[in-house]
Amino acid sequence: MPATSDNTTSARWQQVARALLRALALAGLALVLLVLLLTLTGQRTGDALRALVNGAGGSWYAMTSVTLVRAIPLALAGLSVSLAFRAGILNIGVEGQLLAGAAAATFAALAAPTLGAAAVPLILMVGALAGAFWAGIAALLRRKFGVLEVISTIMLNYVALHTVGYLVRGPLQEPTRVYPQSFTIDARAQLPVLIPGTRLHWGLVIALVLAFALWWWLRDRAAGFRLRAVGLNARAAFSAGRIDVDRTTMGAFLVSGAIAGVAGATELTGVTYSLYENFSPGYGYTAIAVALLARLHPLSVLVTALLFGALEAGASAMQRDAGVPSVLVQVVEALLILLVLSNEWWQTRHRRLGEAGT
Amino acid sequence: MIDALLEATIRWATPFALAALGECVSERAGVINIGLEGSIIAGALGATVAAGLFGPTAGFAVGAVSGLAVALCFALFAVVMRADQIITGTAITMFALGLTGTLYRVIYGASGVSLTTPTTAAVAIPGLSAIPFVGRALFAQPPITYVLYGLIGLVAWWLARTQSGLALRAVGERPEAAAAAGISPVRVQFAAVLFAGAMAGLAGGTLVLAQAGTFVEQMSAGRGFIAIAIVVLGRWRPLGVAAASLLFGAAYTVQNLFQSLGLSEVPYNLFLAVPYVLTLVVLAAARGAASAPASLGRRQIESH
Amino acid sequence: MIDRHAKGPLPAAAEPSALSLNGISRHFGQVSALSNVSLRVNRGTVHAVLGENGAGKTTLMRVAFGLVKPNAGSIEVRGRTVRLSSPADALQSGIGMVHQHFTLVPAMTVAENVALGGRGLYSAQQWADKVRAIGDRTGLVLDPTARVADLPVSAQQRCEIVKALARDVDVLILDEPTAVLAPDEAQDLLRWMRSYANDGHALVLITHKLRDAIATATDITVLRLGKSVFSGAAGTTNEDELAAAMLGTGLAQPQPASNSHTTGPAPGGKRPAGGADAREPVLSARGVSVRDALGVARLSNVTLNVYPGEIVGVAAVEGAGQRELLRLVSGRLQPTTGQVTLPAHVGFVPEDRQNDALMLDAPLVENIALRGAGARTGRMPWSDFQHATSEIISQYAVKAAGAKVDARTLSGGNQQKLIVGRELANQPPALIVENPTRGLDFRATQAVHTAVRAARDAGTAVVLYSSDLDEVLSLADRVVVMHSGQLVEVPGDRIAIGRAMLGS
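Chains as they are written, first to last, in numbering that gives the first Met the number 0: chain X, 0 to 357; chain Y, 0 to 303; chain G, 0 to 503.
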């Protein structure tokens with residue numbers, strides 16, 4: 000997948016400008032698609048749209064405590080996906096890695112009272128390790144047995160889902176043993192709030208820092224270049240660059256899993272404070288759309304995650320206030336991916352037609 | 000008892016075999032269709048709606064058409080526009096899951112009124128079903144299973160004994176060779192993908208009309224992806240695929256068995272994970288790539 | 000000596016030609032690939048189409064096979080005008096094509112490959128009989144049940160031809176058929192073509208090899224820069240005239256080039272085999288064997304020493320192990336047994352530049368940065384790479400809009416120059432090149448050859464393989480031959496080397 004290339008200052012500003020324009024175009028397109036779908040399925044379009052816009056940004060609360068809060072796991076998961084895709088690994092398993100991170104974090108939270116100030120960072124690290132481990136299974140299957148990571152990661156998503164289902168009815172279940180959800184984590188295990196009076200937590204900072212770190216690393220470091228080279232052309236990376244492709248892809252896969260694990264852990268410690276069955280409303284899959292629409296660029300991921308956060312915040316409101324199934328938004332997200340694919344095809348069309356036949 | 004288990008195995012295996020047989024044809028032509036899951040769920044919803052209005056046979060027909068429609072979208076992007084097959088497939092699956100969820104709620108209301116559709120009962124074939132042990136298992140199944148038997152034979156014969164089957168195999172191995180022989184790889188792949196979609200649609204219909212008796216969101220539960228693993232295990236051959244499907248049919252049979260026996264020691268949720276773990280084990284054991292069609296998943300089919 | 004005049008060309012007006020291309024023009028954007036090219040191929044003749052890479056032969060061939068539609072001009076088969084919009088049309092119109100890069104399905108049998116493209120049912124038995132019948136009729140014998148992947152290259156080519164003959168073709172076009180054959184095999188094929196023509200068939204031989212054209216053809220057409228610059232009977236012309244036509248008047252005295260048009264050993268300037276006893280080898284392989292993933296032996300007990308300041312040429316038929324050898328001595332492949340001693344950095348110019356040497360969707364500067372990326376730690380010094388890229392672009396006259404354009408925007412020749420520049424930067428101790436001028440036009444070919452020679456002169460140890468034996472002979476200081484995974488140094492001439500390539 001071609002990603003935008005990263006050199007020199009003025010080119011960078013141009014890229015930023017172009018990225019913002021694209022984001023606006025995408026947002027507009029998303030709204031158009033939404034209106035179309037609403038009308039086609041016979042919904043009350045006007046009411047639905049109003050609910051959507053209000054739910055996404057109609058109030059300070061909506062913006063900080065709904066949209067941004069939903070954007071955080073999407074940003075982290077999106078970074079996870081984009082890093083893997085950038086290395087040529089089709090990690091569709093972010094959903095499962097995220098759950099693994101959340102589950103491990105829940106376990107770790109048990110130890111929170113004894114950890115003092117280090118509780119939260121340690122819990123997040125545990126989440127990262129769990130996510131890396133979950134991805135590692137697929138990575139190992141790929142390396143040792145040639146198993147397509149697309150299938151293995153999707154299978155692992157289901158395994159993670161059912162494992163969580165077991166955990167919240169078993170070892171992690173809340174004390175009264177009635178509901179399929181975990182105990183509430185100790186206050187010392189919770190991510191502090193960023194802006195008082197809102198639900199916006201420090202996960203935002205983590206997402207921002209991670210995005211900038213990845214951007215810098217990919218552009219500036221030899222290891223980052225190796226990852227990009229492998230994703231662009233693994234054969235050339237080996238032949239011309241003498242790059243250890245296996246090692247690079249393994250590393251990328253594990254780090255991708257770790258970031259997804261952090262996504263799960265921050266969602267647990269910052270928002271839900273407990274693990275339960277529908278912990279992830281498909282963050283891992285939405286993240287694929289987030290990453291693709293950001294053309295796998297870490298900073299653009301922040302923008303597209305915001306867009307999708309707004310869409311999903313609005314979707315919940317739409318369902319609640321206008322009775323429109325929120326799952327409609329998933330259709331919009333999928334259509335956006337398809338439109339991006341068509342756009343790429345359209346762009347390269349001229350190249351194909353103009354190719355000399357010599 | 001054994002024959003009951005065998006009968007259940009084949010019953011559970013039928014939708015897997017249908018979807019996997021279709022995917023087998025698609026992959027022999029060089030296209031890996033991750034959007035198969037989308038075709039299955041679309042088929043399930045289509046079958047539900049049509050059966051509710053016109054009965055089970057119409058249900059299956061509409062199910063096949065719905066699956067084909069989803070596959071058509073996939074083919075447009077992956078075959079005609081040569082977009083990345085994996086990404087396209089993932090997007091199509093998301094699209095289909097979202098759309099079926101939306102349509103289901105719009106048509107049947109968000110109240111979750113449990114909806115039942117007529118199911119197809121088992122039909123015993125006289126004579127054959129009297130064979131000891133396997134008679135009832137093989138020949139006392141819902142009609143769709145007999146359709147499956149016919150399709151397995153048809154596809155196997157077609158691949159080996161017809162020029163069009165030969166052409167399809169060539170496209171999956173080396174599209175340039177097929178093009179130089181006057182065959183259009185794009186057309187062949189397009190048709191193969193549509194066939195796979197129709198089969199997956201039938202599989203979805205089977206889930207509703209021969210198993211659950213109702214539609215539930217996301218009821219495909221990853222069967223489309225498992226079907227892809229089944230194709231690998233079956234070494235891209237129709238008979239191998241059919242045999243491999245039995246393995247998964249057995250897994251679901253065992254799962255249900257333990258569930259009904261109420262073994263509370265082993266948690267129910269972990270049992271649900273068994274088919275997916277099994278898929279991983281199967282894929283690892285089969286060591287994938289060796290006998291795959293040489294041009295599977297290839298985006299560029301350059302003309303010479 | 001090939002008998003050229005057994006039946007001779009039929010008088011022009013006696014009957015319609017088997018194939019007639021009239022006034023064909025084709026442009027792609029601004030580039031004119033063909034201008035008003037005409038070709039008449041009569042029954043009972045071999046018509047050679049001569050030209051350099053980039054002259055338009057490929058485009059003309061693609062027009063004839065329905066892969067590309069001409070902007071102007073018409074095509075007639077046996078007097079009937081035909082419109083071709085696909086290879087299927089061409090086949091139906093009686094035009095058969097034997098492609099340079101085999102269009103066979105390796106996993107399928109000969110019978111299946113020959114049968115491909117038909118209608119109705121497929122019967123393995125029927126087609127096996129047909130293959131045998133064609134073998135009896137034409138002398139091109141094949142085992143119908145053999146898997147193509149298991150056949151040697153010459154047999155695969157036979158299969159390509161049988162495939163074309165299996166349909167009733169009025170004219171058979173062969174595109175660079177001798178490119179992958181050893182000299183003796185090439186002679187056999189040309190002889191076969193001549194006798195097949197003498198039986199009353201029409202053949203077109205597309206080639207850049209002058210000698211083959213003169214020895215085999217009845218009529219010759221020379222293309223240059225998309226135009227037909229010569230057209231006439233083979234008996235009325237000679238090598239020098241044809242060479243001048245192919246290369247244009249400004250290059251009357253060409254250097255011995257790759258796609259060499261002159262025969263015999265390259266004139267003067269060959270260095271003696273580099274003082275083997277006096278110096279240490281830069282590259283050394285001792286008793287090396289390599290087995291592939293399926294356990295098949297690709298290299299058997301190979302020993303090779305390459306010294307500074309020499310070009311070792313590798314001569315081999317496809318599949319003899321040269322691919323593995325080159326990757327072994329460039330450090331890209333590990334030996335199964337035996338020992339290899341290499342310097343830390345060995346430059347490598349692989350034959351598949353798009354897949355093995357370049358990241359097409361990345362800017363040139365990132366492609367340059369690829370070299371050494373595997374071992375680099377710390378930051379990426381982008382300004383250094385920018386500088387290096389600009390230097391390479393100017394030194395090798397790479398036509399590119401700048402260092403930041405994607406590699407994809409460069410033509411094949413410029414891509415290759417960039418790669419050669421990258422691999423030769425900082426005077427590496429060793430350089431391995433594989434088919435370095437494939438698909439390149441004359442100028443680019445010259446540039447690459449000059450660079451390789453300059454590296455050798457500066458002390459680099461070079462190992463060069465080309466499927467074009469003449470290119471190897473014109474560049475190499477000494478020649479080693481690979482056959483069935485074994486390596487042997489062959490002193491002496493083209494004939495001895497050609498024999499060794501076939502194992503005798």
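Idealized CB from N, CA, C, for every residue including glycine.
As the structure is a computational prediction, the values presented were derived from the model and not from experiment.
Cβ of residue i within 6 angstroms of any heavy atom in the ligand GDP?
{"i": "T44 of chain X", "result": "The ligand content of the structure shown is nil, which means the ligand GDP is not present either."}
Given a threshold of 16 other Cβ atoms within 10 Å of its Cβ, counted over all protein chains shown, does residue i qualify as buried or as exposed?
{"i": "I130 of chain Y", "result": "exposed"}
{"i": "L23 of chain X", "result": "exposed"}
{"i": "V90 of chain X", "result": "Residue identity check: residue 90 of chain X is Asn in the sequence provided, not Val. Counting Cβ neighbours within 10 Å, N90 of chain X comes out buried, since at least 16 surround it."}
{"i": "P264 of chain G", "result": "Legend: pLDDT at P264 of chain G = 39, less than 50; position of this residue unreliable, value from coordinates given subsequently. Flag for P264 of chain G reads exposed."}
{"i": "I124 of chain Y", "result": "exposed"}
{"i": "N508 of chain G", "result": "As displayed, chain G neither begins before 0 nor continues past 503, which places residue 508 of chain G out of reach and without an answer."}
{"i": "W156 of chain Y", "result": "exposed"}
{"i": "K143 of chain X", "result": "exposed"}
{"i": "D467 of chain G", "result": "buried"}
{"i": "T99 of chain Y", "result": "buried"}
{"i": "M107 of chain G", "result": "buried"}
{"i": "M96 of chain G", "result": "buried"}
Round the Cβ separation of residue i and residue j to the nearest angstrom and send it over; I've been treating them as touching at under 8 angstroms.
{"i": "P280 of chain G", "j": "V345 of chain G", "result": "That belief does not hold up - the Cβ atoms of P280 of chain G and V345 of chain G are roughly 13 angstroms apart, past 8 angstroms."}
{"i": "I151 of chain Y", "j": "Q84 of chain Y", "result": "Actually they are not in contact, since the Cβ atoms of I151 of chain Y and Q84 of chain Y sit about 25 angstroms apart, beyond 8 angstroms."}
{"i": "R69 of chain X", "j": "G269 of chain X", "result": "Rounded, the Cβ-Cβ distance is 12 angstroms, inconsistent with contact."}
{"i": "V291 of chain G", "j": "G53 of chain G", "result": "Note that residue 291 of chain G is Asp in the sequence shown, not Val. Between G53 of chain G and D291 of chain G the Cβ distance is about 35 angstroms, and since that is not below 8 angstroms, they are no contact."}
{"i": "G74 of chain X", "j": "S299 of chain X", "result": "Correcting the residue type first, residue 74 of chain X is Ala in the shown sequence and not Gly. Not quite, the Cβ-Cβ distance comes to about 11 angstroms (not below 8 angstroms), so this is no contact."}
{"i": "L310 of chain X", "j": "A29 of chain X", "result": "6 angstroms"}
Tell me where the alpha helix (DSSP H) around residue i begins and ends.
{"i": "G377 of chain G", "result": "Per DSSP, G377 of chain G belongs to no alpha helix (DSSP H) and is neither H nor E."}
{"i": "L166 of chain X", "result": "148 to 166"}
{"i": "E390 of chain G", "result": "381 to 394"}
{"i": "Q318 of chain X", "result": "297 to 321"}
{"i": "G231 of chain G", "result": "Here G231 of chain G belongs to no alpha helix (DSSP H); instead the beta strand (DSSP E) covers 226 to 232."}
Since residue i is in the beta strand (DSSP E), which residue starts that stretch and which ends it?
{"i": "G80 of chain G", "result": "Correcting the residue type first, residue 80 of chain G is Thr in the shown sequence and not Gly. First-last of the beta strand (DSSP E) with T80 of chain G: 79 to 81."}
{"i": "M96 of chain G", "result": "94 to 97"}
{"i": "F347 of chain G", "result": "345 to 348"}
{"i": "D360 of chain G", "result": "Note, D360 of chain G: premise wrong, no beta strand (DSSP E); not H, not E."}
{"i": "R331 of chain G", "result": "Element bounds for R331 of chain G: n/a, residue is neither H nor E."}
{"i": "V287 of chain G", "result": "282 to 290"}
{"i": "R186 of chain Y", "result": "Counting along the chain, R186 of chain Y falls outside any beta strand (DSSP E), though it belongs to the alpha helix (DSSP H) covering 184 to 205."}
Relative to the alpha-carbon of residue i, which residue among the options has its alpha-carbon at the smallest distance?
{"i": "R42 of chain G", "options": "G:A214, G:L202, G:D440", "result": "G:L202"}
{"i": "S273 of chain X", "options": "X:S79, X:V34, X:A186", "result": "X:A186"}
{"i": "I418 of chain G", "options": "G:T177, G:L357, G:A32", "result": "G:L357"}
{"i": "D211 of chain G", "options": "G:V432, G:V45, G:W381", "result": "G:V45"}
{"i": "L123 of chain X", "options": "X:G54, X:P112, X:A159, X:Q189", "result": "X:Q189"}
{"i": "H482 of chain G", "options": "G:M500, G:T235, G:S473", "result": "G:M500"}
{"i": "P14 of chain Y", "options": "Y:A209, Y:V253, Y:P292", "result": "Y:A209"}
{"i": "A210 of chain X", "options": "X:A290, X:I184, X:F106", "result": "X:A290"}
{"i": "T302 of chain G", "options": "G:L282, G:G318, G:E317", "result": "G:L282"}
{"i": "V273 of chain Y", "options": "Y:V253, Y:T118, Y:L165", "result": "Y:V253"}
{"i": "G411 of chain G", "options": "G:E350, G:A110, G:V152, G:P143", "result": "G:E350"}
{"i": "A114 of chain G", "options": "Y:Q162, Y:R104, Y:I300", "result": "Y:Q162"}
{"i": "A399 of chain G", "options": "G:Q385, G:A387, G:H386, G:Q414", "result": "G:Q414"}
{"i": "E94 of chain X", "options": "X:L160, X:A104, X:R141", "result": "X:L160"}
{"i": "R168 of chain X", "options": "Y:N268, Y:A19, Y:L295, Y:A60", "result": "Y:N268"}
Subject >> Those runs of the alpha helix (DSSP H) which lie wholly inside the stretch 120 to 202 of chain G and span at least 4 residues >> reply: 123 to 137, 152 to 164, 182 to 197
**OP:** At 4 residues or longer, and completely inside the stretch 59 to 108 of chain Y: list those alpha helix (DSSP H) runs for me, N to C.
**Re:** 84 to 107
Original post:
Could you give the uninterrupted runs of the alpha helix (DSSP H) lying entirely in the stretch 399 to 486 of chain G, keeping only those of 4 residues or more?
Top reply: 411 to 423, 441 to 456, 468 to 474
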